[in-house]
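Below is one structure, written out as structure tokens, with a few remarks after it.
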Amino acid sequence: MQKQETIYANGFVAKRTEKDPDFLLTRLSISKDDAIAFINKHANAEGWVNLEIKKGKTPGKINVTLNTYQGNKKVDENKWESPF
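Position one of the sequence shown corresponds to residue 479 (our numbering), numbered consecutively onward.
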């Protein structure tokens with residue numbers, strides 16, 4: 479299976495500091511114009527944009543990326559499609 483390109487969520491910034499209490503997982507800042515453009519570009523057929531908040535490769539860095547997983551799509555029962 480081919481590795482998909484990581485799409486960083488433009489307009490969404492997640493941050494955490496050492497001073498933050500344990501119950502605070504991350505702070506999320508959203509740039510209205512950039513986020514709206516990103517949502518309009520990447521929304522699925524139902525209008526949803528699924529994001530993932532992950533640890534970055536650099537210690538202390540947090541990345542917000544687009545989750546592009548499609549899952550099991552509905553398939554016409556009379557038409558066979560390979561699951562691969």
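Ideal placement from N, C-alpha and C gives every residue a C-beta, glycine not left out.
Quiz item: Quick one: Cα of residue 508 to Cα of residue 486, how far?
Solution: Sequence index remark: in the sequence shown, residue 508 carries index 30 (1-based). Sequence index remark: in the sequence shown, residue 486 carries index 8 (1-based). Near 13 Å, if we compare the C-alpha coordinates of residue 486 and residue 508.
Quiz item: Around the Cβ of residue 506, are there at least 16 other Cβ atoms within 10 angstroms (buried) or fewer (exposed)?
Solution: Within the sequence shown, numbered from 1, the residue matching residue 506 stands at position 28. With fewer than 16 other Cβ atoms within 10 Å, it is exposed.
Quiz item: How big is the Cα-Cα spacing for residue 517 and residue 538?
Solution: The residue given as residue 517 occupies position 39 in the sequence shown. The residue given as residue 538 occupies position 60 in the sequence shown. Roughly 26 Å between the two C-alpha positions.
Quiz prompt | Three-state secondary structure assigned by DSSP to residue 540 | solution = Indexing the sequence shown from 1 puts residue 540 at position 62. Here residue 540 sits in strand by DSSP.
Quiz item: Is the CB-CB distance between residue 530 and residue 543 below 7 Å?
Solution: Within the sequence shown, numbered from 1, the residue matching residue 530 stands at position 52. Within the sequence shown, numbered from 1, the residue matching residue 543 stands at position 65. In contact: residue 530 and residue 543 (Cβ atoms closer than 7 Å).
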